[in-house]
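Take a look at the structure below.
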């Protein structure tokens, strides 16, 4: 019985993550979550107070995953530019968009401070992490001493997020790569010879 | 009578533009459009075949406005970098997001080639326009001869779109300015002394 409960709860969370990514908060009904999870209404309300609690759990898990996957490239050996390049150019489901970034276009998520918090925290973390790597590269003499790590990190995260926007508009993942390669070219001109 | 018709049609289009920006396609019901426009159901269907036709008209008008407003800075006198800076840093309703860029996160708009077309065309135009300005700056000797105009233009448009994402996540327009200033600093390091 315990195992069955755990599985249902897991299926509800994973279904909510998928639906939030595909349809957004307003487009994700409790009924759609139950159908995708293969769970009844009673079962859903046994595990969660409702769609809001499920969405919060789902968003937090997606945010945790995103950080863990980013660390795979960001904490790897190499120069600052090599680590940033590996992170920006790693395999992504570009046309589906960023599961965290997309939530910023979701009016119900943005209007709710509790649901917005994990989205905000993810970007605060990512900007800080990239700024640290850039500062490290600058201090090691790999990058131009005049480079501003915080401003550059924000620009890089913005290119990543905007790259998804351009790719979706054109229905072509190529546009993401063009934008990312474009900012990496600007950044590589700040490396010291 | 004719004037009243024109006004109702205009009110329906403008109400649809606002609602698409605030709520997205799925969150915009024909009833909500009618209520905001102060128009009855019969009146709406007298002017438009339905929500789809109204949305297409609204998106096209928003795209035309965006181009016209971009040209104010982009066709002004100055160096390539000055014109780009003026465009990127002009007054914007940052926390509302880009009325065109936001549509890329709207699953119903992206799934519909007719509604996606004006979104795609707007970004194709903007990337091309910025690439031309950068190429002009390079040919005039203002910018580094090795600069890739197309890739750089895509990165700049991506920063603009990603800047909205970061600002909305943090509920602070400041983040947009940090990202945009960050890419301008990278670009200004490519100017020739």
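Chains as they are written, first to last, in the working numbering: chain L, 420 to 612; chain V, 420 to 612. Here a beta-carbon is modelled for each residue, glycine too, at the ideal position from N, C-alpha and C.
Here's the rule I'm using: 16 or more other beta-carbon atoms within 10 Å means buried, otherwise exposed. How should residue i be labelled?
i: residue 607/L; result: exposed
i: residue 466/V; result: buried
i: residue 573/V; result: buried
i: residue 539/V; result: buried
i: residue 460/V; result: exposed
i: residue 488/L; result: exposed
i: residue 468/L; result: exposed
i: residue 556/V; result: buried
i: residue 624/L; result: As shown, chain L starts at 420 and ends at 612. That puts residue 624/L outside it, with no answer to give.
i: residue 497/L; result: exposed
Quick one: residues in its chain with C-beta nearer than 7 Å to the C-beta of residue i, no 5 flanking neighbours on either side, listed in chain order?
i: residue 507/L; result: 579, 599, 603
i: residue 492/L; result: 502, 505, 506, 509
i: residue 592/V; result: 513, 514, 586
i: residue 420/L; result: Per-residue confidence for residue 420/L stands at a pLDDT of 45, beneath the threshold of 50, marking its modelled position as unreliable; no derived number is given.
i: residue 575/L; result: 503, 549, 602
i: residue 429/L; result: none
i: residue 533/V; result: 475
Keeping to the same chain, check which residues put their C-beta closer than 6 Å to that of residue i; ignore five residues upstream and five downstream.
i: residue 427/V; result: 458, 462
i: residue 613/V; result: In the structure as shown, chain V starts at 420 and stops at 612, and residue 613/V therefore has no counterpart that could be examined.
i: residue 522/V; result: 528, 538
i: residue 436/L; result: 477, 481
Check whether the Cβ atoms of residue i and residue j sit closer than 9 Å, and answer yes or no.
i: residue 605/V; j: residue 605/L; result: yes
i: residue 445/V; j: residue 512/V; result: no
i: residue 495/V; j: residue 585/L; result: no
i: residue 479/V; j: residue 537/V; result: yes
i: residue 475/L; j: residue 452/L; result: no
i: residue 471/L; j: residue 531/L; result: yes
i: residue 582/L; j: residue 566/L; result: no
i: residue 481/V; j: residue 560/V; result: no
In chain order, what residues of the same chain lie with their CB nearer than 8 Å to the CB of residue i, ignoring the 5 residues before and after it?
i: residue 551/L; result: 568
i: residue 541/L; result: 482, 485, 486, 519
i: residue 447/L; result: 435, 438, 439, 470, 474
Using only alpha-carbon positions, find the residue among the options that is nearest to residue i.
i: residue 486/V; options: 545/V, 593/V, 571/V; result: 545/V
i: residue 590/L; options: 555/V, 524/V, 553/V, 570/V; result: 524/V
i: residue 393/V; options: 553/V, 473/V, 437/V, 448/V; result: Nothing can be reported for residue 393/V: it is not among the residues displayed for chain V, which extend from 420 to 612.
i: residue 625/L; options: 468/L, 469/L, 518/L; result: Examination of residue 625/L is not possible in this model, given that chain L is present from 420 through 612 alone.
i: residue 490/L; options: 516/L, 547/L, 571/L; result: 547/L
i: residue 440/L; options: 533/L, 516/L, 570/L; result: 516/L
i: residue 535/V; options: 588/L, 464/L, 473/L, 558/L; result: 588/L
Check your understanding: Going along the chain, which residues of the stretch 437-453 of chain L sit with their C-beta nearer than 8 Å to a C-beta in chain V?
Key -> 441, 442, 443, 445, 446
Practice item. Identify each residue in the stretch 588-605 of chain L for which the Cβ-Cβ distance to at least one residue of chain B is less than 8 Å, and report them in chain order. Key: Considering every chain present, this structure includes no chain B. Its protein chains are L and V.
**Study point:** Residues of the stretch 554-582 of chain V whose Cβ lies closer than 9 Å to any Cβ of chain L, in chain order
**Key:** 563, 565, 566, 567, 569, 570, 571, 572, 573, 574, 575, 576, 577, 578, 579, 580, 581, 582
Review point. At a Cβ cut of 7 Å, what residues of the stretch 482-496 of chain V count as close to chain L, listed as they run along the chain?
Key: none
Review point. In the stretch 496-526 of chain L, which residues sit with their C-beta less than 7 Å from some C-beta in chain V, listed in chain order?
Key: 516, 520, 521, 523, 524, 526
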